[in-house]
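Undergrad:
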Amino acid sequence: MRTQLNIGMRYGRVSDMALTVTQLGRASHTGSTSSLSFKVVPDNSWLAAGEDLDFTTYVGCPSAIRTVTIDGGDSGILWKYNRTTKKLLAYQQTDPADSGGADIPLAAVADATNLSGQTLYITVTGSRNLG
664 MRTQLNIGMR YGRVSDMALT VTQLGRASHT GSTSSLSFKV VPDNSWLAAG
714 EDLDFTTYVG CPSAIRTVTI DGGDSGILWK YNRTTKKLLA YQQTDPADSG
764 GADIPLAAVA DATNLSGQTL YITVTGSRNL G
């Protein structure tokens, strides 16, 4: 695992070789629902299989992630969060000419790609155990 969020840290910044994660402000709570916002900056050596990122440590334990909304700007990269594997994934379009001009699916961003110039703003909504 290249990224580990500090479970005891409820507000602030965690930096690792793979991702720098900054929680923006405090969590918003309504009943058993928590919403949090993060700024995430990848490093210069992306993994095609995605980077480990466990948002459940911020929502509460035990917790369940309901939604993850990612604003990646206009970089041309599609960002996804896999709640099962707790990985942040990056996809990009390859040149259609490589497949004879046919429509082709998005490909995972290749290993070792420098994504350090990307800044993601992520909002996470989840359920927390109220006791």
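Be aware that the sequence shown starts at 664, since it is given in this note's numbering, and climbs by one per residue. Cβ atoms here follow ideal geometry from the backbone N, Cα and C, with glycine treated the same way. Predicted, not measured: the structure shown is a model, and the values here were computed from it.
#1: Which word fits P768, buried or exposed, when buried means at least 16 other C-beta atoms lie within 10 angstroms of its C-beta?
#2: Using three-state DSSP, classify T720 as helix, strand or coil.
#3: Would R665 be called buried (16 or more neighbouring beta carbons within 10 Å of its own) or exposed?
#4: Mark M672 as exposed unless 16 or more other C-beta atoms lie within 10 angstroms of its C-beta, in which case mark it buried.
#5: Write down the C-beta distance between A771 and T757 rounded to the nearest angstrom, noting that I regard them as a contact closer than 8 Å.
#6: Excluding the 5 residues flanking A690 on each side, which residues of the same chain have their C-beta closer than 6 Å to its C-beta?
#7: Could you check if F718 belongs to the surroundings of the ligand NAD, using beta carbon to heavy atom distance under 7 Å?
#8: Going by DSSP in three states, D737 sits in which element: helix, strand or coil?
#9: Using the C-alpha atoms, what's the distance from S790 back to T782?
#10: Since I785 and I740 are thought to touch, with beta carbons under 8 Å apart, how far apart are those beta carbons, to the nearest angstrom?
#11: Among L682, N707, K749, N745, which one has its Cα closest to the Cα of T720?
#12: Enumerate in chain order the residues of its own chain whose CB-to-CB distance from A727 is below 8 Å, with the five nearest sequence positions on each side excluded.
#13: Taking DSSP as the reference, what is the three-state secondary structure of V703?
#14: Which same chain residues, not among the five before or five after S738, have their C-beta less than 6 Å away from its C-beta?
TA: Taking the geometry as given:
#1: Its Cβ having fewer than 16 others within 10 Å, P768 is exposed.
#2: In this structure, T720 counts as helix in the three-state DSSP scheme.
#3: Because the pLDDT of R665 is 41, which lies under 50, any placement of that residue in the model is unreliable, and the question is left without a value.
#4: For M672, the predicted structure reports a pLDDT of 39, less than 50, and the residue's modelled location is therefore unreliable. The matter cannot be settled from this model.
#5: Wrong, their Cβ atoms sit about 11 Å apart, outside the cutoff.
#6: These residues qualify, in order along the chain: S697, L699.
#7: This structure does not include the ligand NAD; it has no bound ligands of any sort.
#8: Three-state DSSP puts D737 in coil, outside helix and strand.
#9: Linking T782 to S790 through their CA atoms gives a straight-line distance of about 26 Å.
#10: Contact doesn't hold; Cβ gap of about 14 Å is too wide.
#11: Comparing Cα positions, the closest option is K749.
#12: Once the five neighbours on either side are set aside, the close Cβ partners of A727 are T719, G789, S790.
#13: Correct three-state label for V703: strand.
#14: Counting only Cβ-Cβ distances below 6 Å, and skipping sequence neighbours, we find Q781.
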